[in-house]
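*Asks:* So the sequence shown is numbered by the UniProt record's numbering: it starts at 1 and just counts up by one.
The structure's right below; bear with me while I get my questions together.
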Amino acid sequence: MSLRRMVKSERQRFNAACAEIEKERGAAASAAEEAMAMILRLQSEKSAVEIQATQFRRMVEQKQEYDLEVIESLQWTVEQVESQKNLLERQLGVLRERLRDFLNDHEIQQRLQEQEWEHEQDREREQENEQEQELEHEQVHEQDAASDVDLDLDLPVVNEDIDRDEDADSGSGFLNFSVEYNDFDAASSQNHSPSQTPLHL
Numbered sequence: 001m002s003l004r005r006m007v008k009s010e011r012q013r014f015n016a017a018c019a020e021i022e023k024e025r026g027a028a029a030s031a032a033e034e035a036m037a038m039i040l041r042l043q044s045e046k047s048a049v050e051i052q053a054t055q056f057r058r059m060v061e062q063k064q065e066y067d068l069e070v071i072e073s074l075q076w077t078v079e080q081v082e083s084q085k086n087l088l089e090r091q092l093g094v095l096r097e098r099l100r101d102f103l104n105d106h107e108i109q110q111r112l113q114e115q116e117w118e119h120e121q122d123r124e125r126e127q128e129n130e131q132e133q134e135l136e137h138e139q140v141h142e143q144d145a146a147s148d149v150d151l152d153l154d155l156p157v158v159n160e161d162i163d164r165d166e167d168a169d170s171g172s173g174f175l176n177f178s179v180e181y182n183d184f185d186a187a188s189s190q191n192h193s194p195s196q197t198p199l200h201l
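This is how it looks when you write it as structure tokens:
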């Protein structure tokens, strides 16, 4: 009997140990699956970040190339402008030397001042013309606004006249007869004396 109890207890211990092992195996498997899922998620995020980084790098490289091209073109234009400026200064010096053969320095300065004065007058005229155009535009805008306000003010008066006409039409027959009689008298008086204005009730 003691041997059977011993075997039974050992079997129970073995079954308990197997159950614990299975639990640990399941926990380890779930942990491994979670770790694998995390690894896959991190790999996908890493690939997405790498793709964004490559796109950003390409964009930066293209922008840098474009900026370099713009800088080179601006440098070329600056060089061209400087060369043209030097050429014009040389031509101006030659023309001044030729002009000195015919005029003295005082006359040259006087003519330059006259040209500058004429140029300033042209600028002032242009500014005055611009100011006049702006004033005309503002006046037209104010007239349009005033006409809109007049139209808005005239609308209620027209409505009041219509209401008065409706009230007059809905009045007594005697009032209608008197109004017609007065209109007839006014028309006859207008035919006899054009200077007098008819009176309406």
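From the three backbone atoms N, C-alpha and C, an ideal C-beta is built for every residue, glycine too.
(1) When you compare only the Cα positions, how much space is there between residue 120 and residue 52?
(2) Starting from residue 14, follow the alpha helix (DSSP H) in both directions and report where the run begins and ends.
(3) At the level of alpha carbons, what is the spacing between residue 219 and residue 43?
*Replies:* Reading from the atomic positions:
(1) 59 angstroms
(2) 2 to 100
(3) Because the chain in this structure spans residues 1 to 201, residue 219 falls outside the shown range and cannot be described.
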